[in-house]
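Chains as they are written, first to last, in the numbering used here: chain A, 1 to 298; chain B, 299 to 596.
Note that CB positions come from ideal geometry on N, CA and C, so glycine has one too.
For reference, the structure is listed below as structure tokens.
Protein chains: 2
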Amino acid sequence: MKTVVIGIGLIGGSMAKDLRRSGFATEITGVENLGEHAAEALRLGIADRMAPLGEAVSSADLVIVTTPVDVMLELLPEVLDRISPHATVTDMGSVKRRLTEAVRNHPRRRNYVPAHPMAGTENSGPSAAMEDLFRGKIAIVCDQEMSGPQHLALAEKMFHALGMNIAYMTSDEQDHSTAFVSHLPHAAAYALANAVLAKEERQIIFDLASGGFNSTVRLAKSSCDMWHPIFEQNCDYVVESLNVYIKHLEQFRDAIRDRESCRLADLILNANRIRSVLEGENHQFIKNEETFVKLYTK
Amino acid sequence: MKTVVIGIGLIGGSMAKDLRRSGFATEITGVENLGEHAAEALRLGIADRMAPLGEAVSSADLVIVTTPVDVMLELLPEVLDRISPHATVTDMGSVKRRLTEAVRNHPRRRNYVPAHPMAGTENSGPSAAMEDLFRGKIAIVCDQEMSGPQHLALAEKMFHALGMNIAYMTSDEQDHSTAFVSHLPHAAAYALANAVLAKEERQIIFDLASGGFNSTVRLAKSSCDMWHPIFEQNCDYVVESLNVYIKHLEQFRDAIRDRESCRLADLILNANRIRSVLEGENHQFIKNEETFVKLYTK
């Protein structure tokens with residue numbers, strides 16, 4: 001499988017490593033705008049070669065776009081213009097409505113499978129790429145009826161090669177759920193970092209950070225290039241999620257301020273339920289080595 | 299050293315394990331209100347024996363109070379009433395002003411060293427106790443001039459036996475800094491859990507949680523018994539920290555909503571500074587195996 005990865009960073013690089021190791025990709029060509037990242041990807045053996053977009057894409061069996069989502073908006077139509085008729089295109093962007101709207105009427109729309117892997121770290125660039133980043137995680141595939149069956153099948157095979165499970169949603173459902181479960185935690189971490197940096201000295205933050213701060217604020221280290229356009233493209237749902245979050249913070253603050261002891265306990269105990277949710281109690285999801293396909297019903 | 303640990307849970311149990319292992323404690327007596335925890339502490343070998351408060355305390359060299367902070371308010375005066383004149387008392391509570399005020403005029407006040415270790419996990423009970431929980435972390439010692447020198451020295455020796463570094467602050471400084479660096483992240487996590495539980499189905503949260511949600515919300519699993527009285531006792535500073543956080547979240551939301559692209563980038567890049575702060579760049583703190591004592595200057 002001749003595979004092209006556009007944007008060789010944390011996500012693209014990690015995919016390249018595992019797709020090669022699993023035998024899914026026999027030849028990996030990287031397309032990378034940043035010279036430094038391109039050189040690093042070659043040095044680390046993540047890509048076999050680097051090439052300009054047009055040259056790389058025209059002979060590919062599979063093109064994976066893993067750039068920031070603002071760059072995707074520009075690149076995806078061009079990629080679809082330039083692929084051969086049999087090729088499959090997928091992307092790993094965290095926002096899906098804007099992107100799928102941008103190519104809704106493209107003559108090669110059925111070659112394209114919009115996707116989003118729920119995996120990552122707060123680091124970026126080819127040096128952050130790691131094996132098994134995706135294993136056991138969920139890949140969201142959007143609007144699957146809009147993709148040709150052979151292209152959908154190839155994208156599914158790719159995710160299975162990465163050890164992922166697949167969830168199917170509409171672009172709109174994915175953008176809403178991802179706003180709450182991924183974009184909101186990032187916004188919350190950025191704002192927490194800003195609040196604490198505004199009020200406490202560096203020395204004190206460093207010394208006291210083990211009191212729970214470290215894990216809560218980890219995502220605030222995440223790259224601006226990646227996250228700035230995500231917030232912009234998923235504006236409506238991110239603003240909605242922030243409003244819901246602020247409302248819950250205000251409830252929590254009011255219960256403390258107004259010394260509503262029972263109310264405060266209720267809020268903490270309700271939040272404690274997240275333990276059983278995250279541990280998958282009473283969960284229909286069968287965790288095993290076999291990957292499988294699952295449909296959300298709303 | 300005959301050591302009494304009042305409250306054998308995550309913190310008390312972890313201290314007992316390491317104090318025994320290091321040779322600092324030769325005999326550990328547990329005092330525990332919950333029968334289940336008492337039995338578990340004996341079964342796990344965390345305590346040599348369990349005893350009622352009065353009996354345990356009267357023959358102790360060192361008494362460590364690790365109960366929730368509301369229980370401490372009741373117990374600490376009684377402990378000071380009952381100790382022998384040479385004994386040292388310390389506590390591991392996360393809030394210090396209320397507690398130190400409660401024993402300000404106690405005739406044994408100089409036997410007492412108020413302290414707070416910046417270490418923990420989201421789990422609780424003796425089964426959550428673990429070795430090396432405290433190694434390399436900071437112990438805050440408050441109002442050290444109010445403690446007798448021999449009692450201060452013993453508490454310092456105990457923290458060094460745990461592998462901890464020590465920071466000295468007033469109770470007021472500790473409550474303010476801890477509000478921002480520990481209590482606020484817990485409140486933020488509780489509210490995040492509540493917001494997401496209110497808006498998304500369990501199944502979707504479970505499946506998508508690897509997108510950064512897991513680490514940001516981890517602290518929302520923390521025990522209500524422990525955290526409810528912390529928020530109540532540190533009410534003023536926790537409310538202040540929540541107000542600052544909400545203000546920063548509103549700024550973040552407004553930048554997204556109003557499509558202020560440069561402003562949003564500034565907020566993200568400012569938050570990114572937390573990486574260098576947490577990694578201790580340009581930091582005066584000398585990290586090595588030797589523990590040492592350091593004074594904050596404000």
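- For the 8 angstroms CB-CB criterion, glycine 30 of chain A and alanine 41 of chain A form a contact.
- Between the region 357-376 of chain B and the region 482-500 of chain B, the count of C-beta pairs closer than 8 angstroms stays below three; the two stretches do not touch.
- Taking the C-beta atoms as reference points, phenylalanine 134 of chain A is found nearer than 8 angstroms to serine 14 of chain A.
- In this structure, DSSP gives leucine 162 of chain A a state outside helix and strand, which the three-state scheme calls coil.
- Taking the CA atoms as reference points, glycine 305 of chain B sits about 55 angstroms from arginine 98 of chain A.
- With a beta-carbon spacing of about 6 angstroms, leucine 540 of chain B and alanine 485 of chain B fall inside the 8 angstroms limit used to define contacts.
- Look at leucine 152 of chain A: its C-beta is not under 8 angstroms from any C-beta on chain B.
- At a C-beta separation below 8 angstroms, cysteine 235 of chain A has these neighbours in chain B: Ile554, Arg555 and Arg557.
- Of the candidates A/Leu19, A/Ala220, A/Thr66 and A/Tyr190, the residue whose Cα lies closest to the Cα of isoleucine 544 of chain B is A/Tyr190.
- Arginine 202 of chain A has a beta carbon lying within less than 8 angstroms of a beta carbon in chain B.
- As DSSP reads the structure, leucine 62 of chain A sits in a beta bridge with A/Thr3 and A/Thr88.
- Your pair isoleucine 572 of chain B and lysine 221 of chain A checks out as a contact, with CB atoms roughly 6 angstroms apart and the cut at 8 angstroms.
- For phenylalanine 159 of chain A, not one C-beta of chain B is nearer than 8 angstroms to its own C-beta.
- Straight across, the Cα-Cα distance linking arginine 104 of chain A with isoleucine 11 of chain A is about 25 angstroms.
- The contact set of tyrosine 543 of chain B on chain A, defined by CB atoms closer than 8 angstroms, consists of Ala191, Leu192, Ala195 and Leu249 in chain order.
- Taking a 10 Å sphere around the C-beta of glycine 418 of chain B, we find 16 or more other C-beta atoms and assign the residue as buried.
- Counting C-beta atoms within 10 angstroms of its own C-beta, lysine 157 of chain A has fewer than 16 neighbours from the protein chains shown and is therefore classed as exposed.
- Residue environment: arginine 49 of chain A is assigned as exposed (fewer than 16 neighbouring CB atoms within 10 Å of its CB, all protein chains considered).
- Glutamine 442 of chain B counts as buried, since at least 16 other C-beta atoms from the protein chains shown sit within 10 angstroms of its C-beta.
- For valine 479 of chain B, no beta strand (DSSP E) segment is defined, and its DSSP state is neither H nor E.
- For asparagine 568 of chain B, the closest Cβ of chain A is nearer than 8 angstroms.
- Counting the other Cβ atoms within 10 Å of the Cβ of proline 68 of chain A gives 16 or more, which makes it buried.
- Of the residues A/Val57, A/Ser124 and A/Ala179, the one whose Cα lies closest to the Cα of leucine 75 of chain A is A/Val57.
- Your pair glycine 148 of chain A and asparagine 123 of chain A does not check out as a contact, with CB atoms roughly 35 angstroms apart and the cut at 8 angstroms.
- Distance between glutamate 429 of chain B and phenylalanine 322 of chain B, taken at the CA atoms: about 14 angstroms.
- Interface annotation for the region 500-521 of chain B against chain A: Arg500, Gln501, Ile502, Ile503, Phe504, Asp505, Leu506, Ala507, Ser508, Gly509, Gly510, Phe511, Asn512, Ser513, Thr514, Val515, Arg516, Leu517, Ala518, Lys519, Ser520 and Ser521, criterion Cβ-Cβ distance under 9 angstroms.
- A direct Cα-to-Cα measurement between proline 383 of chain B and glutamate 548 of chain B gives close to 54 angstroms.
- Contacts with chain A (Cβ-Cβ distance below 9 angstroms) from the region 426-440 of chain B involve Gly434, Lys435, Ile436 and Ile438, listed in chain order.
- Beta-bridge partners of valine 31 of chain A (DSSP): A/Ile6.
- Taking the beta carbon of glycine 578 of chain B as reference, the chain A residues within 8 angstroms of it are Phe206, listed in sequence order.
- The C-beta distance from isoleucine 204 of chain A to serine 475 of chain B rounds to 5 angstroms, short enough to fall under 8 angstroms.
- Of all residues in the region 467-484 of chain B, those with a C-beta nearer than 8 angstroms to a C-beta of chain A are Ser475, Thr476, Phe478, Val479, Ser480, Leu482, Pro483 and His484, reading in chain order.
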